[in-house]
Amino acid sequence: MYPTNYHKPSSVADAASLLSGGEAAKVLAGGQTLLPTMKQHLAAPSDLVDVRGIDGMEGVTASNGTITIGAATRHADVESNADVKSHIPALAALAGGIGDPAVRSMGTIGGSIANNDPAADYPSAVLGLGGTVVTNKREIAADEFFQGMFGTALDEDEIITAVRFPVPSKAAYAKFPNPASRYAMVGVFVAQTDSGVRVAITGAGDDGVFRHEGLEQALSGSFSADAVDGVAVGEDGMLSDIHGTAAYRANLVSVMAKRAVDAAG
Amino acid sequence: MSDGIGARVPRKEDKRFITGKGKYTDDIRMENQAYAAFVRSPHAAAKVTGIDALAAEAMEGVIAVHTGPQMKDDGIGDLITGWSITSKDGSPMQCGAWSPMVTENARYVGDAVAIVVAETQEQARRAAEAVEVSYEELPATVYVDQAVKDGAPQVHGNVPGNMIYDWEIGDKAKADAGFAAAAHITEMEIVNNRLSPNAMEPRSAVAVFDEAEDHYTLYTTSQNPHVARLVLSAFYNVAPEHKLRVIAPDVGGGFGSKIYIYPEEITCLWASMKTGRSVKWTSDRSEAFMTDAHGRDHVTKMRMGFDAEGKILAFETDTLANLGAYVSLFATVTPTYLHGTLLSGCYAMPAIYGNVKAVHTNTAPVDAYRGAGRPEATYSVERMMETAAREMGMDPAELRRKNFITEFPYQTEVILQYDSGDYHKTLDMAQEAADVAGFAARKAEAASRGKLRGIGYSTFVEACGIAPSAAVGSLGAAVGLWESAEVRVNPVGTIEILTGCHSHGQGHETTFAQLAADRFGIPIENVAIVHGDTDKVQFGMGTYGSRSGPVGMSAIVKALDKVEAKAKKIAAHTLEASEDDLVIEGGEVKVAGTDKSMAWHEVGLAAYIAHNLPEGMEPGLKEASFYDPANFSFPAGALICEVEVDPDTGVTEIVQFTAVDDFGTVINPMIVEGQVHGGVAQGIGQALLEQVVYDEDGQLITGSYMDYTMPRAGDLPSFTLDHGCTPSPLNPLGVKGCGEAGAIGAPPAVINAITDAIGNNDLQMPATPLAVWTALQATKTPMAAE
Amino acid sequence: MTKVTMTVNGKSVSHDVADTALLSDYLRETLRLTGTHVGCDTSQCGACVVHVDGRAVKSCTVLAASLDGADVTSIEGIAAGKDLHPMQTAFNQHHGLQCGFCTPGMIMTGIDMVNRYQAEGRALTEDAIRHELEGNICRCTGYHNIVKAIDDAAGQMSGMAKAAE
């Protein structure tokens, strides 16, 4: 690792000022992606601003048909949280399928969505459920938040403090893990929400998480696996690598969409 | 005797590992220790036109930066190969020189260009990034089929057409005659995928130069420290052997990859002398993917001819083998004498012809990896048998049975003479254990769940117990492959066994101790195994090629024989009895039919006190043996794999895996089963998951576990195991070796099962979900036909 | 540099650590607890797993500087004096290790999974054990005996928990 300066502020304001103060400061939330990247000399932040010591950044609250998850809440804690399990079981299951148990005890939801790795699981849930990303500055709707591979609407000194999910009438996530990395090669999150059916796909696209209009339309007509069969999922925009061609990924999108719909019940 | 031969004794060595007290090379820290990092070529083929280390040398903590030409000036030699192969036209093989660090051209991504020594590992790594190397990029040859094409870029100037050798085995004319008479001929092209061994402990070296004594010590991750010392001394000119001690402490797996003496270890020794510091280098996993010798990488075209009844008439294979940029220590023998000689499988084949062309490419060196040549041969033979059975409409097990060798010793058409075996019996046992009779019902049940179920066989034989010295010498080996042992009985009767084998997971500290416990009836706790240190142990050849059982333990048995003989002489003298009347059991030497006896420790004490020894006997009780095997040993087995394929995704689940092996005599069944589990897992890994991929520029795509698929617990089933037993008549214990069997036998069983399930035989390893799904698409009726 | 004080294997330790030092570096190089191993650089192999505040984590992917006040247990800290932890005993009895390099991480992961499943009252089936081992790679054993060892230890740990009640 290149030298860096570690900070553990106790307030969001302090964290924000540290972020804008460093020449290339970064938020450290769980570190499960950032630290390996730093070890390989692929990232060299001047400062690391650890947000895990800030009051109120961790934990789950449920109210008025929404689930709010603090940005520094770990995957394992979302997986086992009673409110998440009862209101959005798909989200608990998704969290319980990220990485491996040891990664889930450190990785956080805020870290995952701020990084917007094209093969990460959480972005599909935030986008698929039509969630809202709450920061120290504003609230950002999921549809505006994710801006292509590793890209987000966040400003340099903006810190995610929580993510808010509206409780859907039904939802499920089906993931096909990359055989080597176990990241999502294709992950499909389907949800019936107040604002209609949403289908968000991670892993497959060459520009990160995206919503699939064709699937959303078909599932709006009939929320059934058969409806998925009627949608031709094209290869355009699909990633292609040694683990999966674009055609294979397109097939997996259909298959995982069907499995997610079946699982959603 | 509960600790003796055949007992499932829990391992003595486990305690230090389960408590975190194992001592691996990277756990060692010397006083005055500095750290090394290597500057590596980012290009597959390039001329190094300049190295500017000024900025790096000025960085904090940097002690020195050294390069290949400096090393050459100091007289450090090029790396060697341990086996010379002669081409079919009688010409000697041609291979390019391999300097520990590049002196002129870099020939693969990862080729070492310079070493940086610094106070900390991180300082060394950062300084290595700051060394400015100027490269003139050259065209690269990456793939094996590309290397032999006219006009392919040449990896080494002295190796025209990249052809290291064009070797043959068997009788071409006889094979041609067999094909001419054949009622059926099956033809196939198969790929043996390129693998990375991936011992979980990355390679590491701590080199310690003692200027006052002009002496070097190397702690390193080696499967064979004595061979390392020999080669470092005799060929790399680091130091004469008596001034060089090599210690391989606890070593975290090897699988072949830690046999070789790599550039990094040599360079660390030299750098220790140059800097006057102890120099530690520990590979990270990314470096390991780049520079640890890879395995396999064969493409084989083959055909087999049968008569109308299904009897094999002839077998012919034509193989291209990729040896990478440089010829590593055992690289040349793997595709030839460890592969071509096994082409008869466990079948009576009247005519065999094999041709192997080995080539250089701009990729990491390829050498022996668990099984080494024998998996390649087994994959050819067993894919061929299954495919031919399908083509001829025969049951694949029956086709095998029709051709099994049944009489031993059996002389094959490809040099080897098999010692013993009962191939029908192991197959019977496997079919029973796998409930083959119930397969059709299981397949139907799977179909009702939308899954495609398939079954595949592999009945295989391997040549282990490497190796009879004179025989391998006549085939080009640079050294004999005997083994040594010394058995030291202490004055209190406890025993130390010094062995030239090296345990890096095989459990020698337990299995070898069982031999002495069995022989003298003493508790296994009273026996210690000493290995892995050239200062402690007499010469030895190390552990690989499933040799520690048949060769290493045979040496121990010979030494135990000598100890027993002397002990009996001492006891007979003390007890005033005839040696012939003595029996050793339960920790006592007894005079049969009387109540006269001596405790085992009293015999030891008598030997060292030496007040009352037989006339002319030397004091002490310590004996050594050098055992040279008369032949290889030939373990065999029958494996049956059952899979379920998800047609929607191409995912294969191994739902049942049955392995019935015949390893001859088994000393510790628990440890032997563990070897089978691990070997099968690596075989399944090769068949389903693993592949080293380079892009067309020679950049390594699978450079970490993000892209190289390691078998995980969820990828594998629990295994069903059983053992047949036909003891080898050629060594004193009748053992045959078990370390490689699973890796040798498993891949064809898996691919035969998947191709059976999907109804398409056109499938190469690894059968990833993508590959299986793609093969399934080819079986579907085109839409237009509907 | 950041000053951290933490409890490691029941003892309080305090050091100035580099802001780049990983917990695995701190354990291995500063405390010389070399039972925690590093087998990859992408946080996948699991040879480095230790417990931090009762959770299994990959010590190669945690900054030591971030652990002020933490309670860390490594492989060296799970035996009660000379009495081995049931997970350690089970690995020996079932031949759940060969070269031993992945073993510390396997044992720490095994203990963690048993603790979690038993706390939640979930059945730790063979499938569940294999799934829970997703982040631990072994090249020697084919996992067969590791799964058996964890299963056996789970039974013994459950017995211990009941006896303690």
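These protein sequences, in sequence, are chains A, B and C.
Under my numbering, the very last position in the first sequence is 259; numbers go up by exactly one each time.
Under my numbering, the very last position in the second sequence is 842; numbers go up by exactly one each time.
Under my numbering, the very last position in the third sequence is 169; numbers go up by exactly one each time.
Idealized CB from N, CA, C, for every residue including glycine.
- Counting C-beta pairs with one atom in each stretch, the stretch 398 to 415 of chain B and the stretch 434 to 445 of chain B have three or more that are closer than 8 angstroms, which means they touch.
- For V61/C, the chain A residues whose Cβ falls inside 9 angstroms of its Cβ are A96, V97, S99, M100, in order along the chain.
- Within chain C, no C-beta atom comes less than 7 angstroms from the C-beta of P39/A; the nearest is roughly 11 angstroms away.
- In summary, the residues of the stretch 748 to 762 of chain B whose CB is separated from some CB of chain A by less than 8 angstroms are V749, I757, T758, Y761, M762, in the order they occur in the chain.
- For R509/B, the uninterrupted beta strand (DSSP E) segment begins and ends at 508 to 517.
- Taking a cut-off of 8 angstroms for Cβ pairs, the stretch 97 to 117 of chain C and the stretch 81 to 97 of chain B do not touch, as fewer than three such pairs fall below it.
- Here DSSP, grouped into helix, strand and coil, assigns F576/B to helix.
- Beta-bridge partners assigned by DSSP to T187/A: G190/A.
- Looking at H350/B, I471/B, Y316/B, S476/B, the one whose alpha-carbon comes closest to that of P465/B is S476/B.
- Annotated as distal: P319/B and I800/B, with beta-carbon spacing of 8 angstroms or more.
- Secondary structure remark: continuous beta strand (DSSP E) runs of at least 3 residues inside the stretch 407 to 483 of chain B, in chain order: 408 to 416.
- Against D44/A, the close residues of chain C are S70, in the order they occur along the chain (beta-carbon pairs closer than 7 angstroms).
- Closest in C-alpha terms to E297/B, from the list P281/B, V307/B, F345/B, comes P281/B.
- The three-state secondary structure of R181/B, taken from DSSP, is helix.
- Around the beta carbon of T462/B, a 10 Å sphere encloses fewer than 16 other beta carbons of the protein chains shown; the residue is thus reported as exposed.
- Uninterrupted alpha helix (DSSP H) stretches at least 4 residues long and entirely within the stretch 8 to 96 of chain A occur at 28 to 33, 69 to 74, 76 to 81, 83 to 89, given in chain order.
- For S162/C, the uninterrupted alpha helix (DSSP H) run begins and ends at 148 to 168, by DSSP.
- As the crow flies, the alpha-carbon of H135/C is around 34 angstroms from that of G224/A.
- Out of I727/B, G660/B, I551/B, the CA that lies nearest to the CA of A63/B is found in I727/B.
- Minimum Cα-Cα distance from I141/C among the listed residues A92/B, A255/B, V335/B corresponds to A255/B.
- The beta carbon of K128/B sits closer than 8 angstroms to those of S155, T159, all from its chain and outside the five residues before and after it, given in chain order.
- In this model, A120/B and C324/B are separated by some 12 angstroms (Cα to Cα).
- Taking 7 angstroms as the upper bound on Cβ-Cβ separation, chain B lies near no residue of the stretch 133 to 145 of chain A.
- Spatial neighbours of N418/B in its own chain (CB-CB distance under 7 angstroms, excluding positions within 5 residues in sequence) are listed in chain order as A100, A101, R163, Y164, A196, T197, V198, V211, A381, G754.
- Judged by beta-carbon spacing, N149/C lies within the 8 angstroms limit of G100/C, meaning their Cβ atoms are closer than that value.
- By the neighbour-count definition (other C-beta atoms within 10 Å, threshold 16), E632/B is an exposed residue.
- Per the C-alpha coordinates, the member of A519/B, L508/B, G512/B, D423/B positioned closest to T468/B is A519/B.
- For T65/C, the closest Cβ of chain A is nearer than 8 angstroms.
- The residue among V53/C, G163/C, A127/C, G73/C with its C-alpha nearest the C-alpha of G43/C is V53/C.
- Identification of chain C residues near K77/B by a Cβ-Cβ cut-off of 7 angstroms yields G39, ordered along the chain.
- Taking CB atoms only, L826/B has a neighbour in chain A less than 8 angstroms away.
- Under the three-state reduction of DSSP, E488/B is assigned to helix.
- Interface with chain A (8 angstroms Cβ-Cβ cutoff): T113/C is included.
- Chain-order list of chain B residues neighbouring H135/C: A769, G770, by C-beta distance under 9 angstroms.
- By alpha-carbon distance to S80/A, the top candidate from T67/A, A70/A, I61/A, R68/A is I61/A.
- Taking the C-beta atoms as reference points, I92/A is found nearer than 8 angstroms to D115/A.
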